[in-house]
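Everything in the sequence shown is counted per the numbering used here, starting at 36 for the first residue and increasing by one.
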Amino acid sequence: MQITQQMMVNQFLYNITNENTTMQNLEDELSTGKVLNLPQDNPLAVSQDMSDRATLSSAQGYQNTLQSALTWMNNTSSALSQIVNTLQSIQSYVMEGLNSTNQTTSDKNALSETVQQLSKTIYQELDTQQGSRYLFGGADPLQPPVTTSTNNIGYTTSGNTAASMEMQISAGISITVNVSASQVMGTASGSTTNLESTLNSTISDLQNGNITGLQTDLTNLQTGITQVVNINAELGSRIKRATAMQTQISQYVTTVQNYKSDLEDANMAKVITQFNTDQGVFAAALKMGSEILLPSLVNYLPNG
């Protein structure tokens with residue numbers, strides 16, 4: 036088959052166009068650092084990359100939810116620990132009231148006032164907020180769980196129900212993150228009085244020097260302490276579960292990110308080398324083409 040000048044021109048233009056396209060793709064990779072810049076670059080890889088992006092977005096959403104849940108539960112646990120410490124301090128003052136003899140009215144009033152102030156700190160803990168929501172708000176975390184009252188303490192729980200606040204921490208998996216004020220101050224199993232009533236009676240019995248009443252108060256305080264400790268222990272198990280899930284999802288996110296990076300990130304050293312090589316080939320091809328395919332008009336001038 037005869038190779039015509041037009042065939043050579045067509046082949047030259049085809050090769051030059053392909054080489055120019057390759058260099059443009061390399062330039063895109065150099066400027067973006069990615070090998071996947073257009074769907075046509077690698078349709079199968081682009082499809083996988085889009086799937087990885089969706090997976091990563093979902094996992095990171097669960098990460099954010101877990102962090103919020105852990106912050107909520109850790110703050111709640113800290114408040115419960117403070118309540119236990121306060122109740123134990125109240126216990127010690129009840130013991131002082133039981134063991135002290137010849138107490139004056141001033142002594143009784145001082146003990147009663149001290150326990151009253153300590154009791155107020157318990158209600159203040161129950162009003163702890165995270166952002167605009169109350170940790171112990173129960174069914175309605177936007178409403179304060181503690182209200183003013185005419186009792187000795189001056190505060191009382193508002194009776195918000197112990198509804199659970201669930202957060203979805205993974206596909207099909209939710210966890211209860213809250214403890215309500217009514218759970219903390221309610222009647223413990225095996226008891227006939229709730230913690231709120233116990234605090235009120237303790238203040239009155241200390242002021243009146245009611246030994247029999249204080250003995251009952253001491254027992255009820257211990258029951259209340261045990262109840263709060265158990266609530267905090269159960270919350271601790273939820274914190275442990277959420278922490279384990281957070282670690283698991285973080286490892287999964289890292290794995291997906293690494294796979295995604297391997298799929299779409301360019302090997303810059305290789306790209307630069309290839310670009311320089313192709314640039315030299317392109318320049319040489321242009322020079323050769325200009326000499327072979329496009330002869331100068333001088334070649335057609337008559338001799339002499």
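Virtual Cβ for every residue (Gly too), placed ideally from N, Cα, C. All values derive from a computational prediction rather than experimental measurement.
In this structure, DSSP gives serine 226 a state outside helix and strand, which the three-state scheme calls coil.
Going by DSSP, glutamine 159 is part of the alpha helix (DSSP H) stretching over 140 to 161.
Glutamate 160 counts as buried, since at least 16 other C-beta atoms from the protein chains shown sit within 10 angstroms of its C-beta.
According to DSSP, glutamine 164 shares a beta bridge with Tyr169. By the criterion of at least three beta-carbon pairs nearer than 8 angstroms, the stretch 269 to 276 is not in contact with the stretch 162 to 170.
Taking a cut-off of 8 angstroms for Cβ pairs, the stretch 100 to 119 and the stretch 211 to 219 touch, as three or more such pairs fall below it.
Considering only Gln98, Ser86, Arg88, the residue with the shortest C-alpha distance to alanine 206 is Gln98.
By the Cβ test, the stretch 128 to 148 is not in contact with the stretch 223 to 234, since fewer than three Cβ pairs between them sit closer than 8 angstroms. Between the alpha carbons of glutamine 164 and glutamine 283 lies a gap of roughly 29 angstroms. The shortest CA-to-CA distance from asparagine 267 to any of Asp142, Thr182, Gly221, Val119 is the one to Val119. Within the stretch 197 to 224, complete alpha helix (DSSP H) segments of at least 4 residues are found at 216 to 220, given in chain order. Relative to the Cα of glutamine 123, the nearest Cα in the group Gln178, Thr290, Ile260 belongs to Ile260.
Within its own chain, the residues whose Cβ lies closer than 7 angstroms to the Cβ of glycine 189, once the five positions on either side in sequence are excluded, are Lys155, Thr183, listed in chain order.
Nearest C-alpha to serine 217 among Pro176, Gly132, Gln257, Ala104: Pro176. The DSSP-derived three-state label of threonine 191 is strand. In the DSSP assignment, threonine 121 forms no beta bridge with any residue. Per DSSP, reduced to three states, the secondary structure at threonine 90 is helical.
Here alanine 89 is exposed: its Cβ has fewer than 16 other Cβ atoms, across all protein chains shown, within 10 Å. If you check the CB distance, asparagine 187 and glutamine 152 do not come in under 8 angstroms.
Contiguous beta strand (DSSP E) elements confined to the stretch 247 to 279 do not occur, taking only those with 3 or more residues.
Counting along the chain, the unbroken beta strand (DSSP E) around threonine 182 starts and ends at 181 to 183.
Between isoleucine 238 and serine 147, the C-beta gap is smaller than 8 angstroms, which places the two residues in contact. Cβ contact annotation for serine 135 (same chain, cutoff 8 angstroms, sequence separation greater than five): Asp142, in chain order. The beta carbons of threonine 258 and serine 226 sit closer together than 8 angstroms.
A Cβ-Cβ contact shorter than 8 angstroms links isoleucine 204 with alanine 104. Contact between leucine 133 and leucine 256 fails: their C-beta atoms lie close to 12 angstroms from each other, not under 8 angstroms. Comparing C-alpha distances from glycine 96 to each of Gly244, Asn137, Ser285, Val264 shows the shortest one belongs to Ser285. The DSSP-derived three-state label of threonine 233 is helix. DSSP, reduced to helix, strand and coil, places threonine 282 within a helical segment of the structure shown. Spatial neighbours of valine 264 in its own chain (CB-CB distance under 7 angstroms, excluding positions within 5 residues in sequence) are listed in chain order as Val119.
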